[in-house]
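This is the structure we're talking about:
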């Protein structure tokens, strides 16, 4: 089942500071959520997001106790230490917190899908159920190319207009 997870006003804990953590943080940085990265080392991209005030970082080596201490709504375990990632997700699950492990998607509560976004209004997501993220990205890229002429600026404006009408109660039955 594919679900669009809304992170509005949520606290997200990302453990890890390398390439995988950077991808996950960048994907969530535009959401209206509070992101805290815990890692002894941080990528330049993560440091840039910290400097801009978009996220916060704690430079320390994490263990599963960080989940209890930080009390997040969502945990993203993105280290190169598979047992640590698993223990973070297990601790999150024990506390009824959604957890994701970059090294073991099968033990995760959710997946990061390959997404194509059009004008900030329409998103199309592709999943292979964790079997082949590379194939999902190829399919996403094909969808993006195919839809460029179909999803026009006018269509995006129409969708936004309908969303505003719905939010204001206009047209409600």
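Residue numbers (the working numbering): 12 to 184.
Cβ coordinates follow ideal geometry from the N, Cα and C atoms, glycine included.
Quick caveat: nothing in here was measured; it's all calculated off a predicted structure.
- Contact annotation: residue 87 and residue 106 have beta-carbon atoms that are not nearer than 8 Å.
- Taking 8 Å as the cut-off, the beta carbon of residue 133 is found no closer than this to the beta carbon of residue 126.
- In this chain, the beta strand (DSSP E) harbouring residue 126 covers 125-129.
- A direct Cα-Cα distance of roughly 29 Å separates residue 178 from residue 122.
- In this model, residue 171 and residue 110 are separated by some 32 Å (Cα to Cα).
- Secondary structure at residue 46: strand, using DSSP grouped into helix, strand and coil.
- For residue 110, the pairing in a beta bridge is given by DSSP as 86.
- Residue 21 places its beta carbon 8 Å or farther from that of residue 69.
- Taking C-beta separations shorter than 7 Å and ignoring five residues to either side along the sequence, the partners of residue 115 in its chain run 93, 96, 97, following chain order.
- For a cut-off of 8 Å, the C-beta gap from residue 52 to residue 33 is around 12 Å, too long to register as a contact.
- Within the model, the alpha-carbon separation for residue 173 versus residue 30 is close to 39 Å.
- Leaving aside the five residues that flank residue 102 on each side, the residues in its chain whose CB is nearer than 6 Å to its CB run, in chain order, 75, 78.
- Rounded to whole angstroms, the separation of the alpha carbons of residue 17 and residue 120 is 14 Å.
- Remark: C-beta atoms of residue 48 and residue 64 do not approach each other more closely than 8 Å.
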